[in-house]
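First residue of the sequence shown? That's 712 in the working numbering, and the numbers climb one at a time after it.
We treat Cβ as the ideally placed atom computed from N, Cα and C, and that holds for glycine.
These numbers come from a predicted model, not from an experiment.
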Amino acid sequence: MTLKQCEAECLKNCSCMAYSNSDIRKGGSGCLIWFGDLIDIREFTGDAATDIYIRMSASELGLDRKKEEDLDLPLFDLAIVASATNNFSKANMIGKGGFGPVYKGILSTGQEIAVKRLSNNSGQGLQEFKNKAWLLWTEDKALELMDQCLKDSCVESQVLRCIQVGLLCVQKCSADRPTMSSVVFMLGNEEAVLPQPKQPGFFVDSSSDGNGGRCQTENEVTVTRLEAR
712 MTLKQCEAEC
722 LKNCSCMAYS
732 NSDIRKGGSG
742 CLIWFGDLID
752 IREFTGDAAT
762 DIYIRMSASE
772 LGLDRKKEED
782 LDLPLFDLAI
792 VASATNNFSK
802 ANMIGKGGFG
812 PVYKGILSTG
822 QEIAVKRLSN
832 NSGQGLQEFK
842 NKAWLLWTED
852 KALELMDQCL
862 KDSCVESQVL
872 RCIQVGLLCV
882 QKCSADRPTM
892 SSVVFMLGNE
902 EAVLPQPKQP
912 GFFVDSSSDG
922 NGGRCQTENE
932 VTVTRLEAR
């Protein structure tokens, strides 16, 4: 009996605690199965040793694994942020960069926050952020999208997986985009192999001519308008 057959026999019985494939005859092999406590076990080394496979519950297998905490990012309304920073008053401004000023504030819970308010000419609007996300992905620098303050409180592989799934959902060709059921599967199964995302439909790139012009890709989003007869 092979090891695979021995495993199958053990899985058929809920009382099976362990199994092993042992050489019980010259040139042959047999299946040893334990029910209840593991008895008649001896430790051998070298060629005389035989592996024993112990059946355990999934909860027991996860005891020694590093527990990963779910990362819950809060979202705040503009009114809450404005109230926390005294309506972005100059007294609360703690710095100013190329993208806009940074304000300190205190939420109603007492938590201190820092808020960057983008200026109108910062060049960091929604369109620019989308382009930046794709460029960082193609340059293998997608983790730069994550706030460095979160680096020690999240799992990098999960962040990269979320970014990759997000880019798959906004590919230029709608036929390439995954369905919602596929999205749920990809996010919930870390062992699932994800396809490489193609260029998104919103990507804007600079042209190579000297006029500084821009070429834009077409956003293939359709709108259906219902009219009564």
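Beta-carbon spacing of residue i, residue j below 7 Å
{"i": "P911", "j": "W848", "result": "no"}
{"i": "C742", "j": "M712", "result": "yes"}
{"i": "K909", "j": "Q882", "result": "yes"}
{"i": "L878", "j": "P889", "result": "no"}
{"i": "G806", "j": "V813", "result": "yes"}
Residues bridged to residue i (per DSSP)
{"i": "C865", "result": "In the DSSP output, where bridge partners are listed per residue, C865 has none listed."}
{"i": "M857", "result": "According to DSSP, which records beta bridges pairwise, M857 is partnered with nothing at all."}
{"i": "G741", "result": "S733"}
{"i": "Q882", "result": "P911"}
{"i": "C727", "result": "F746"}
{"i": "I765", "result": "A729"}
Of the residues the options, the one placed nearest residue i, counting alpha carbons only
{"i": "V870", "options": "T890, I805 and M897", "result": "M897"}
{"i": "K801", "options": "C884, P906, K815 and D788", "result": "K815"}
{"i": "S731", "options": "I765, G757, C865 and S892", "result": "I765"}
{"i": "V866", "options": "V876, L854 and P906", "result": "L854"}
{"i": "L789", "options": "L818, E901, M857 and K715", "result": "L818"}
{"i": "I750", "options": "A760, M728, G757 and S740", "result": "M728"}
{"i": "D887", "options": "E901, P906 and V826", "result": "P906"}
{"i": "M804", "options": "P785, G757 and K827", "result": "K827"}
{"i": "L714", "options": "G821, T761 and G757", "result": "T761"}
{"i": "S868", "options": "K843, V894, N842 and E902", "result": "E902"}
{"i": "I824", "options": "A795, S740, G757 and G899", "result": "A795"}
Alpha helix (DSSP H) segment containing residue i, residue limits
{"i": "G899", "result": "M891 to G899"}
{"i": "K715", "result": "L714 to L722"}
{"i": "I791", "result": "L789 to A795"}
Residue i CB to nearest heavy atom of the ligand ATP below 6 Å
{"i": "K862", "result": "Absence of the ligand ATP is noted for the structure shown, with no ligands found whatsoever."}
Sequence-distant residues of the same chain with beta carbon closer than 8 Å to residue i, five excluded per side
{"i": "S726", "result": "F746 and G747"}
{"i": "E718", "result": "Y730 and Y764"}
{"i": "C860", "result": "none"}
Element boundaries [beta strand (DSSP E), containing residue i]
{"i": "I824", "result": "E823 to K827"}
{"i": "K807", "result": "M804 to K807"}
{"i": "I752", "result": "Where I752 is concerned, there is no enclosing beta strand (DSSP E), given that its DSSP letter is neither H nor E."}
{"i": "G813", "result": "The residue asked about is misnamed: residue 813 is Val in this sequence, not Gly. V813 -> beta strand (DSSP E) spans P812 to I817."}
Same chain, Cβ closer than 7 Å to residue i, neighbours up to 5 away in sequence not counted
{"i": "C721", "result": "C727, Y730, I744 and R766"}
{"i": "N724", "result": "none"}
{"i": "N797", "result": "N803"}
Chain-order list of residues whose beta-carbon lies under 6 Å from that of residue i (same chain, five-residue window excluded)
{"i": "V792", "result": "V826"}
{"i": "Q716", "result": "none"}
{"i": "D920", "result": "Legend: pLDDT at D920 = 46, less than 50; position of this residue unreliable, no value from coordinates given."}
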